[in-house]
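J.: Residue numbers (my numbering): 9 to 153. Input: one structure, supplied below.
Set out below in structure tokens:
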């Protein structure tokens, strides 16, 4: 009986370890986007960030990121932050996306992405927008990776 429990334990632990990986897979292995450090704090009391005080609004900043970051206010407690460099195009003069409403568009190939989910909504490619972590503490938004 003890041998059976030991074998069962080894199998369960083995299966759990097989499902874990230190690799973020293709989301982080995007060959089009270099891995850079992002650590940005936005003070929502400043007038330039006023749109982010209201749900449904977005703001694009060029302060950090590869080409910049689009921040979207879902409901004043949940925000999204994504890189605006085209994820399915090598960096070039045309690889900075433009944001209109909830859509980010890559001028190189016309691909379109949803700025709430980061997912490709029109066009072709295997990579979604690169997401950054974002949190709110009082009137401060912190964006990092």
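In this text, a Cβ means the ideal position worked out from N, Cα and C, and glycines have one as well. Bear in mind that the values here come from a model prediction, so they are computed numbers and not experimental data.
1. Specify the secondary structure class of residue 121 as computed by DSSP and reduced to three states.
2. Would you mind reading off the limits of the beta strand (DSSP E) that contains residue 140?
3. Apply the 10 Å Cβ neighbour rule to residue 58 and answer buried if 16 or more other Cβ atoms are within range, or exposed otherwise.
4. Reducing DSSP to helix, strand and coil, say where residue 148 ends up.
5. Please go through the same chain and pick out, in chain order, the residues whose beta-carbon is closer than 7 angstroms to the beta-carbon of residue 102, but skip the five residues on each side of it.
6. Determine the DSSP secondary structure at residue 81, reduced to helix, strand or coil.
7. Please classify residue 2: does DSSP put it in a helix, a strand, or coil?
8. Give the range of the beta strand (DSSP E) segment to which residue 128 is assigned.
9. For the beta strand (DSSP E) that residue 57 lies in, which residues bound it at each end?
10. So what does DSSP say about residue 111, is it helix, strand or coil?
11. DSSP on residue 51, reduced to helix/strand/coil?
12. Going by C-alpha distance, which of 87, 131, 96 and 61 is nearest residue 123?
T.: A quick look at the data gives this:
1. Position 113 of the chain shown, counted from the first residue, corresponds to residue 121. The answer is strand: DSSP assigns residue 121 an E or B state.
2. Stepping through the chain shown from its first residue, residue 140 is reached at position 132. Premise fails: residue 140 is in no beta strand (DSSP E) and is neither H nor E.
3. Walking along the chain shown from the start, residue 58 turns up at place 50. It counts as exposed.
4. Locating residue 148 in the chain shown gives position 140, where the first residue counts as 1. Three-state result, residue 148: strand.
5. Here residue 102 refers to the residue found at position 94 when the chain shown is read from its first residue. If we look at residue 102 and ignore the five residues flanking it on each side, its Cβ neighbours are 115 and 116.
6. As a working note, residue 81 is residue 73 in the chain shown. Three-state result, residue 81: strand.
7. No answer is possible for residue 2: the residues shown for the chain start at 9 and end at 153.
8. Here residue 128 refers to the residue found at position 120 when the chain shown is read from its first residue. Element bounds for residue 128: 128 to 130.
9. Your numbering for residue 57 matches position 49 in the chain shown. Note, residue 57: premise wrong, no beta strand (DSSP E); not H, not E.
10. Counting from 1 along the chain shown, the entry for residue 111 is found at position 103. Residue 111: strand per DSSP, three-state reduction.
11. Mapped onto the chain shown, residue 51 falls at position 43. In the structure shown, residue 51 sits in a strand (DSSP, three-state: E or B).
12. Translated into the one-based positions of the chain shown, residue 123 becomes position 115. Measuring from the Cα of residue 123, the nearest candidate turns out to be 87.
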